[in-house]
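Chemist:
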Amino acid sequence: MKNFFLLNLCISGIKNIEKMIEIPFYKKTIKDDFNPEQYRVKGIYGENGSGKTAIMTAVKIMTRILLDRNYLSDSVNQKLLAENINKKTKAAFIEAVFHADFGIGEFTYRYRVHLETRPDGRVYLAGESLEKKNGRYSQNHYLPVFITQDGDLIQFDEGEKYEFCKAKTLNLLEQRSFATFTDEIKAAGYEYGDDIWHHLFTLMIFAARINVGIDGDDDHHQYASSIVQQETGNAVLHEMETSALFSWSIPAGRDKGEIMILQKMMPVFMEKVNKLVSFVRIFKPDLKNIKVDVKEYREFYICRLIMMYDGYELDQEYESRGIKKLMNLFDALDAACRGDIVFIDELDSNINDVYLDKLIEYFIYYGKGQLCFTAHNLSPMSVLKNSKCAISFISGVNTIHTWTSNGNLNPENAYRNGFIEDSPFNVEASDFLGILGGADE
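Right under this line is the structure:
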């Protein structure tokens with residue numbers, strides 16, 4: 254079992270993040286005493302429009318590039334990327350530094366990806382690299398695993414294997430990550446136990462262990478697919494963002510309350526539903542059970558969840574927004590507690606402060622993975638302030654400030670009163686006079 258920990262994230266050119274920002278998740282230097290226990294949670298706060306969702310979007314783009322070889326060639330994804338790449342810079346950069354523990358050895362990697370909007374309006378992979386840190390104590394000394402630039406493999410290995418892989422990927426690396434060429438690498442004579450296989454699969458497993466949940470209002474897949482359909486005149490089967498209860502399930506599309514499950518996965522699905530019942534009962538003790546309404550469709554089951562109470566049943570679609578939000582968060586929170594790296598945009602929306610704080614507190618005490626979330630609700634700061642590197646503030650001028658203890662000042666008061674650099678809340682009640690009704694004309 255591989256354990257991963259995201260150490261640092263750098264982003265520029267995604268949505269409204271024009272300048273480079275750096276988000277730390279751990280201290281700068283990893284020594285023999287590497288212990289992530291006090292660093293497992295990160296809350297990101299900022300003014301409206303400061304770039305919180307852009308951070309989540311950047312992480313999702315990075316994982317999709319690594320896991321989906323057709324990501325950059327898909328017309329709907331291209332439409333989304335064209336909107337997500339900053340309009341001024343027309344280029345984006347994402348860097349993730351992560352720690353991998355295999356039980357028999359530990360490694361630190363730095364993965365970088367450059368994206369570029371070209372004159373034809375399409376987004377291309379302008380460059381990509383994976384590097385392995387040379388020793389645990391060196392801060393900036395990395396050895397390259399592979400480097401690509403403008404569609405060309407410029408560093409990988411020496412001799413015939415390099416030339417073979419270079420020829421196989423020629424003119425393709427602007428549309429696909431080099432990490433997705435595992436079949437070609439195998440054809441070059443590499444075997445699973447070789448270093449290059451080890452490094453590439455580590456990178457891809459790292460990406461697969463990241464879950465990103467973006468708020469529904471910022472999920473533009475359906476809109477992008479409708480635009481592509483209008484432009485081409487062809488029906489588009491768009492990829493819906495997984496807003497279903499479980500990250501491995503597929504929203505059926507016809508009705509957002511329906512979930513498509515492979516028939517062979519049904520026992521796992523039912524086990525998850527049983528855990529979900531216990532989870533929801535914490536917030537609604539009168540819930541008796543959750544019934545699964547099932548219809549067969551090819552190799553799938555199309556499922557609807559029916560909430561069962563004393564004397565009546567309720568389709569999940571008609572539950573309160575808060576309960577539906579908690580149900581949709583269940584699998585992500587469970588994954589973070591089991592060891593995955595989970596990003597959740599607007600974790601606090603539609604959730605009572607008390608529940609929110611207790612969920613975060615549970616993760617701090619019992620979580621095995623990482624949880625990074627954005628929020629506007631300041632209540633969790635009282636829970637986070639005792640963890641290390643746990644609160645970061647993003648400003649409207651693309652700066653990141655991470656909270657460190659400062660005497661008796663607490664982060665909530667510091668933020669609310671404008672004591673966090675570049676994040677002044679200088680709005681007064683009187684500013685709304687003459688704009689909103691209620692004052693004498």
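Each residue of the sequence shown is one higher than the one before, counting from 254 in this note's numbering. Built from N, CA and C at the ideal position, the CB exists for glycine as well. On a predicted model such as this, the values are computed, not experimentally measured, just so you know.
DSSP three-state label for Gly564, please.
Modeler: coil
Chemist: At which residue ranges does the region 294-339 contain complete alpha helix (DSSP H) runs of 4 or more residues, listed in the order of the chain?
Modeler: 305-320, 328-337
Chemist: Taking the straight line between their C-alpha atoms, what separation do you get for Ser478 and Lys284?
Modeler: Confidence is the limiting factor: at Ser478 the pLDDT is only 45, short of 50, which leaves the residue's position unreliable, though a coordinate-based value still follows. Ser478 and Lys284: Cα-Cα distance of roughly 48 Å.
Chemist: Rounded to whole angstroms, what's the CA-CA distance from Ile604 to Ile438? Just pull it up for me.
Modeler: 47 Å
Chemist: Which residues mark the beginning and the end of the alpha helix (DSSP H) in which Phe532 is found?
Modeler: 519-536
Chemist: What residues match up with Ile347 in a beta bridge as DSSP calls it?
Modeler: Ile264, Val366
Chemist: Could you tell me which whole beta strand (DSSP E) segments of length 3 or greater appear in the region 598-629?
Modeler: 623-627
Chemist: Exposed or buried, Val680, counting other C-beta atoms within 10 Å across all chains shown (16 or more means buried)?
Modeler: exposed
Chemist: Leaving out five residues on either side along the sequence, give the residues of the same chain with a beta carbon under 6 Å from the beta carbon of Thr433.
Modeler: Arg322
Chemist: If I measure Cβ to Cβ from Met273 and keep anything under 8 Å in the same chain, skipping five residues before and after, which residues do I get?
Modeler: Shown here for Met273: same chain residues with a beta carbon closer than 8 Å to its own, the five before and five after excluded, namely Cys263, Ile264, Ser265, Phe346, Asn651 in chain order.
Chemist: Output the distance between the C-alpha atoms of Ile276 and Ala353, rounded to the nearest integer angstrom.
Modeler: Looking at the two C-alpha atoms, the distance is approximately 19 Å.
Chemist: Please report the straight-line C-alpha distance between Gly544 and Arg557, rounded to a whole angstrom.
Modeler: One point to set straight first is that residue 544 is Lys, not Gly, in the sequence displayed. Each residue's alpha carbon lies about 8 Å from the other.
Chemist: Roughly how many angstroms lie between the CA atoms of Thr422 and Asp568, to the nearest whole one?
Modeler: 50 Å
Chemist: Since Val465 and Val312 are thought to touch, with beta carbons under 8 Å apart, how far apart are those beta carbons, to the nearest angstrom?
Modeler: 5 Å
Chemist: Below 8 Å on the Cβ atoms is my guess for Cys590 versus Lys611; work out the distance and round it to an integer in Å.
Modeler: With 8 Å as the limit, Cys590 and Lys611 do not qualify as a contact, their Cβ atoms being about 14 Å apart.
Chemist: Does DSSP classify Lys397 as helix, strand or coil?
Modeler: According to the sequence provided, residue 397 is Pro. The question's Lys does not apply to it. Strand, per DSSP.
Chemist: State the DSSP-derived secondary structure class of Pro277, mapped to helix, strand or coil.
Modeler: strand
Chemist: Helix or strand or just coil, what does DSSP make of Asn256?
Modeler: strand
Chemist: In terms of residue numbering, what span does the alpha helix (DSSP H) encompassing Gly575 cover?
Modeler: 574-591
Chemist: In terms of DSSP beta bridges, what is Val547 paired with?
Modeler: Cys556
Chemist: Check the C-beta distance from Phe583 over to Phe626 and give it rounded, since I have them as a contact under 8 Å.
Modeler: Incorrect: roughly 15 Å between the Cβ atoms, too far for contact.
Chemist: Comparing alpha-carbon positions, which option in Ile594, Gly592, Asp598, Glu566 lies nearest Asn581?
Modeler: Asp598
Chemist: Figure out for me which residue from His394, Pro289, Asn269 has the closest Cα to the Cα of Glu336.
Modeler: Asn269
Chemist: Under the assumption that Asp403 contacts Ala379 (Cβ atoms under 8 Å), give the Cβ distance between them as a whole number of angstroms.
Modeler: 6 Å
Chemist: Just tell me which of Lys385, Phe355, Lys528, Tyr377 has its CA closest to the CA of Thr361.
Modeler: Checking every option, the nearest Cα to that of Thr361 belongs to Lys385.
Chemist: With a Cβ-Cβ cutoff of 8 Å, do Leu540 and Tyr562 count as a contact?
Modeler: yes
Chemist: Skipping 5 residues on each side, what residues in its chain have a beta carbon closer than 7 Å to that of Ser683?
Modeler: There are no such residues.
Chemist: Quick check on the DSSP output: the beta strand (DSSP E) that includes Tyr571 runs from which residue to which?
Modeler: Taken as a continuous stretch (DSSP letters only), Tyr571 belongs to no beta strand (DSSP E), as it is neither H nor E.
Chemist: As a quick exercise: from Val595, Ser676, Phe454, Gly575, pick the residue whose alpha carbon is nearest that of Lys537.
Modeler: Gly575
Chemist: Roughly how many angstroms separate the alpha carbons of Val521 and Tyr550, rounded to a whole number?
Modeler: 18 Å
Chemist: In the DSSP assignment, find the alpha helix (DSSP H) that holds Tyr668 and state where it starts and stops.
Modeler: 664-669
Chemist: Pick out whichever of Lys638, Phe355, Ile688, Trp450 has its Cα sitting closest to the Cα of Ala667.
Modeler: Lys638
Chemist: Whole angstroms is fine: what's the gap from Phe278's alpha carbon to Ser326's?
Modeler: 32 Å
Chemist: Under a three-way DSSP split, which group does Asp448 fall into?
Modeler: Residue state, collapsed to three classes: helix.
Chemist: Suppose you measure from the CA of Phe351 to the CA of Leu383; what does that come to, to the nearest Å?
Modeler: Taking the CA atoms as reference points, Phe351 sits about 11 Å from Leu383.
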